[in-house]
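Heads up, the thing below is written out as structure tokens.
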Amino acid sequence: MPSRSVDVIVLGAGMVGVSAALALQARGATVTLVDRHGEAGDETSFGNAGLVQSEAVIPYTLPSDPAAIASAALNRDPRAHVRYAAMPASAPALWQYFQFSNSPRVAETAAAMKPLVFGAAEAHRKLADEAGCGDLLRPTGWIKVWRTAKGEEQARRDVEDLKRYGVVADFLDRDGLTALEPHVGAVGRGAAHFPDPLSTPDPQRLARAYAALFVSRGGRFEKGDAMTLEPAAAGWMVTTEAGRVSARNVVIALGPWSNDLARALGLALPFFVKRGYHRHYEPRGNASLNRPVLDLEKGYLVAPMTLGLRLTTGAEFARPDDPPSPAHIDRLEPFAREMFPIGAAKEAAPWLGRRPCLPDMRPIVGPFPGKPGLWLDFGHHHLGLTLGPITGRLLAEMMTGETPFVDPAPFRAERFG
Ligand SMILES: Cc1cc2nc3c(=O)[nH]c(=O)nc-3n(C[C@H](O)[C@H](O)[C@H](O)COP(=O)(O)OP(=O)(O)OC[C@H]3O[C@@H](n4cnc5c(N)ncnc54)[C@H](O)[C@@H]3O)c2cc1C
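Counting along the sequence shown from 1, when you hit position 211 you're at 218 in our numbering, and nothing is skipped either side.
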């Protein structure tokens, strides 16, 4: 079996791994990208809502109000869906997430995330320009529509909190909303509008364009199983369909599967996934949407994509490998039909993805504790499309001994003890 040696192997060719590979390559490293699929962006980086959320400084948290908790736990709140069989296995990590959600650490996470989130759009623009796919990043911004006075109150509170971090947003009444989105139904009474974020009509094509840039610059993409990773004389080795590849440094960027490898290598993390579904719909008649729109009180988003109007759900709390269930999307579809001009569903069954999460809603970017040469770049939760390029930069700066552009301490694995 042929064997080769490179400076770095990056395991996982989603948005996060591809971006890390490019950032390392830009600093002079020879890099091989390994994925079990033959192409980049086949998993979570395919199915997301396509938002480069350059306003998402404040992390998503669990509710603290007992009535809201009860409503979510009993599956009466369509913004989330709980699969009860998953609870015993997920409870310890979710308990940590709940504790984090109701602590001053939310502000700590927001402060740590701010430079990453604010730098995200620029990092994408640079890569997209270099990859010649600038058309895949649209300057659309996005919109959160409310239905009721209570929803409006919540939206105004959220925007006031975000404005404290310098996020730009404005409010739209029904006329302002229909001026931007003429086909939003009458149930949408007003909206918060974030004008700065970008959106992509095709997140998979974006990841693949970045991967093509990596290959055009001399990087290698090999199909193989990351679980073959083993120590080798000069560092680490992975077996791919093309042979054995060894490297002094290896990056684990396997998205929701990262924890499987980290755990096999002895690292115990309070990792969990928030699963989410999508399905595409035909527009009704000549109706359209110009940008992604969130139905705030029902917790799903509809985005205009190349494949159709993509409805994405909020969080399903389930084990990563629990069988998919249409229950969450079935609950949301009637709400979507009153808010959006959607016609027939394009697929028989929804796509299922998994948001890789840590309880403090920060990714892990940095060295694998106690394993020289191993690096971690995962746990990007709701923001992996957004943060892939900028966390790739942070990781590459740490790995090559440059001064990181932000303090990396909040992102180290050691924060979990
Ligand atoms: C419904 C939904 C909507 C979302 N919307 C947004 C959004 O609008 N904006 C945003 O920023 N984020 C969004 N996200 C989150 C975002 O999609 C993820 O955070 C991001 O895709 C994670 O990227 P990744 O590269 O870490 O993981 P992935 O894209 O899942 O990539 C991991 C890669 O590892 C590979 N792999 C796994 N196991 C192995 C193995 N054993 N051997 C080899 N390869 C392996 C997989 O094949 C895959 O290619 C959304 C997520 C969901 C589910």
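Note that the Cβ used here is the ideal one computed from N, Cα and C, for glycine as well.
- Between which two residues does the alpha helix (DSSP H) containing Tyr104 stretch? Here the question's residue 104 lines up with position 97 in the sequence shown. Start and end: Met94 to Ser108.
- Is it buried or exposed for Val222, if we count other Cβ within 10 angstroms and need 16 for buried? Working through the sequence shown from its first residue, we reach residue 222 at position 215. In the assembly as shown, Val222 is an exposed residue. Its beta-carbon has fewer than 16 other beta-carbons within 10 Å.
- Query: Between the C-alpha atoms of Val41 and Lys230, what's the straight-line distance to the nearest angstrom?
  - Reply: For the purposes of this step, residue 41 is identified with residue 34 of the sequence shown, where counting begins at 1. For the purposes of this step, residue 230 is identified with residue 223 of the sequence shown, where counting begins at 1. A straight-line Cα-Cα distance of about 6 Å links Val41 and Lys230.
- Item | Own chain partners of Ala310 with C-beta closer than 6 Å, once the 5 adjacent residues on each side are dropped | As a working mapping, residue 310 is identified with position 303 in the sequence shown. The residues are Ala56, Gly57, Pro299 and Arg317.
- Message: Quick check on this structure: which residue in Gly54, Asp180 and Pro66 has the alpha carbon closest to the alpha carbon of Tyr104?
- Response: Taking the sequence shown and counting its residues from 1, one reaches residue 104 at position 97. Out of Gly54, Asp180 and Pro66, Pro66 has the C-alpha closest to the C-alpha of Tyr104.
- Task: Quickly, what does DSSP pair Val245 with across the bridge? List them, please.
- Result: Taking the sequence shown and counting its residues from 1, one reaches residue 245 at position 238. Val245 pairs with Val252.
- Item | Beta-carbon proximity list for Met406, same chain, < 7 Å, skipping 5 on both sides | As a working note, residue 406 is residue 399 in the sequence shown. Taken in chain order, the residues that qualify are Leu31, Asn256 and Trp382.
- Contact the region 64-78 vs the region 338-349: 3+ CB pairs below 8 Å: Contact between the region 64-78 and the region 338-349 is absent, with fewer than three C-beta pairs closer than 8 Å.
- Query: At a cut-off of 6 Å, is Gly134 close to ligand 1 when judged by its beta-carbon and the heavy atoms of the ligand?
  - Reply: By one-based count along the sequence shown, residue 134 stands at place 127. It is worth fixing the name first, because residue 134 is Leu in this sequence and not Gly. No, ligand 1 has no heavy atom inside 6 Å of this Cβ.
- Any chance you could list the alpha helix (DSSP H) runs of at least 4 consecutive residues sitting entirely within the region 316-352, in chain order? Counting whole runs of 4 or more residues, the region 316-352 contains the alpha helix (DSSP H) stretches 334-346.
- Please confirm whether any heavy atom of ligand 1 lies closer than 6 Å to the CB of Glu50. Taking the sequence shown and counting its residues from 1, one reaches residue 50 at position 43. Glu50: yes, Cβ under 6 Å from ligand 1.
- Beta carbon of Asn55: closer than 6 Å to some heavy atom of ligand 1? If you number the sequence shown from 1, residue 55 lands on position 48. At a threshold of 6 Å, Asn55 counts as near ligand 1, since its beta carbon sits closer than that to one of the ligand's heavy atoms.
- In this structure, what does DSSP give as the bridge partners for His200? Stepping through the sequence shown from its first residue, residue 200 is reached at position 193. Ile150 and Asp177.
- Endpoints, the beta strand (DSSP E) within which Ile76 is located: In the sequence shown, residue 76 corresponds to position 69, counting from 1. Premise fails: Ile76 lies in the alpha helix (DSSP H), Pro73 to Ala80, not in any beta strand (DSSP E).
- Three-way DSSP call (helix, strand, coil) for His389 in this model: In the sequence shown, residue 389 corresponds to position 382, counting from 1. Residue state, collapsed to three classes: helix.
- According to DSSP, is Pro374 helix, strand or coil? As a working mapping, residue 374 is identified with position 367 in the sequence shown. Reduced to three states, the DSSP call for Pro374 is strand.
- Message: For Pro379 and Glu421, which I take to be in contact (beta-carbon distance under 8 Å), what is that distance rounded to the nearest angstrom?
- Response: As a working note, residue 379 is residue 372 in the sequence shown. As a working note, residue 421 is residue 414 in the sequence shown. Between the beta-carbon of Pro379 and that of Glu421 there is about 15 Å, and that puts the pair past the 8 Å contact cut.
- The alpha helix (DSSP H) enclosing Gly283, as first and last residue numbers: As a first step, residue 283 must be located in the sequence shown, where it is residue number 276. Per DSSP, Gly283 lies in no alpha helix (DSSP H); the unbroken beta strand (DSSP E) holding it starts and ends at Phe279 to Pro290.
- Residue(s) in a DSSP beta bridge with Asp384: Counted from its first residue, the sequence shown places residue 384 at position 377. Residue pairing by DSSP puts Asp384 in a beta bridge opposite Val372.
- Query: Leaving out the 5 sequence neighbours to the left and right, which residues in its chain are closer than 8 Å to Pro122 when beta-carbon positions are compared?
  - Reply: The count along the sequence shown starts at 1 and reaches residue 122 at position 115. Within the same chain, Pro122 has close Cβ partners Phe412 and Val413.
- Query: Is the Cβ of Asp384 closer than 7 Å to any Cβ of chain B?
  - Reply: Structure shown: chain B not included; a single protein chain is present.
- Is the closest heavy atom of ligand 1 to the C-beta of Thr407 under 6 Å? Walking along the sequence shown from the start, residue 407 turns up at place 400. Proximity of the beta carbon of Thr407 to ligand 1 is not indicated: no heavy atom of the ligand is located closer than 6 Å.
- Query: Which same chain residues, not among the five before or five after Pro417, have their C-beta less than 7 Å away from its C-beta?
  - Reply: Stepping through the sequence shown from its first residue, residue 417 is reached at position 410. Leaving aside the five residues that flank Pro417 on each side, the residues in its chain whose CB is nearer than 7 Å to its CB run, in chain order, Ala119 and Arg369.
- Task: Could you check if Gly273 is buried or exposed, using at least 16 other CB atoms within 10 Å of its CB as the buried criterion?
- Result: As a position in the sequence shown, residue 273 is number 266, starting the count at 1. Gly273 comes out exposed.
- CA-CA distance, Pro202 and Leu144? Residue numbering aside, residue 202 sits at position 195 when the sequence shown is read from its first letter. Residue numbering aside, residue 144 sits at position 137 when the sequence shown is read from its first letter. The straight-line gap from Cα to Cα measures roughly 14 Å.
- Message: Between Val245, Asp177, Gly195 and Ala127, which has its C-alpha nearest Arg426's C-alpha?
- Response: The chain is shown from 8 up to 424; residue 426 falls before or after that span and cannot be answered.
- From this set, Arg291, Arg227 and Val174, which residue's C-alpha is nearest Glu345's C-alpha? Sequence index remark: in the sequence shown, residue 345 carries index 338 (1-based). Ranked by Cα distance from Glu345, the options Arg291, Arg227 and Val174 are led by Arg291.
- Hey, could you find the ends of the beta strand (DSSP E) His88 is sitting in? To locate residue 88, count along the sequence shown from 1; it is residue 81. If you look at His88, you'll find it in the beta strand (DSSP E) that goes Ala87 to Val89.
- Message: Considering only heavy atoms of ligand 1, does any lie closer than 6 Å to the CB of Ala20?
- Response: Numbered from its first residue, the sequence shown carries residue 20 at position 13. At least one heavy atom of ligand 1 is nearer than 6 Å to the Cβ of Ala20, so yes.
- Candidates Arg361, Gly315 and Ser332: which alpha carbon is nearest Phe347's? Working through the sequence shown from its first residue, we reach residue 347 at position 340. Residue Gly315 is the option with its Cα nearest to Phe347.
- What is the rounded straight-line gap between the Cα of Arg132 and the Cα of Tyr288? Position 125 of the sequence shown, counted from the first residue, corresponds to residue 132. Position 281 of the sequence shown, counted from the first residue, corresponds to residue 288. So the two alpha carbons sit approximately 29 Å from each other.
- Using DSSP with H/G/I as helix, E/B as strand and the rest coil, what is Phe221? Taking the sequence shown and counting its residues from 1, one reaches residue 221 at position 214. Phe221: helix per DSSP, three-state reduction.
- Item | Coil, strand or helix - Arg419 by DSSP | Along the sequence shown, one-based indexing puts residue 419 at 412. Correct three-state label for Arg419: coil.
- Query: Can you give the Cα-Cα distance for Glu354 and His285, rounded to whole angstroms?
  - Reply: The residue labelled residue 354 in the question sits at position 347 within the sequence shown. The residue labelled residue 285 in the question sits at position 278 within the sequence shown. His285 has its alpha-carbon roughly 10 Å from the corresponding atom of Glu354.
- Quick one: grab the DSSP three-state call for Asp62. Here residue 62 refers to the residue found at position 55 of the sequence shown. Just to set this straight, residue 62 is Glu in the shown sequence, not Asp. Coil at Glu62, not helix or strand.
- Length of the line joining the Cα atoms of His44 and Trp264: Locating residue 44 in the sequence shown gives position 37, counting from the first residue. Locating residue 264 in the sequence shown gives position 257, counting from the first residue. The alpha-carbon separation between His44 and Trp264 amounts to approximately 14 Å.
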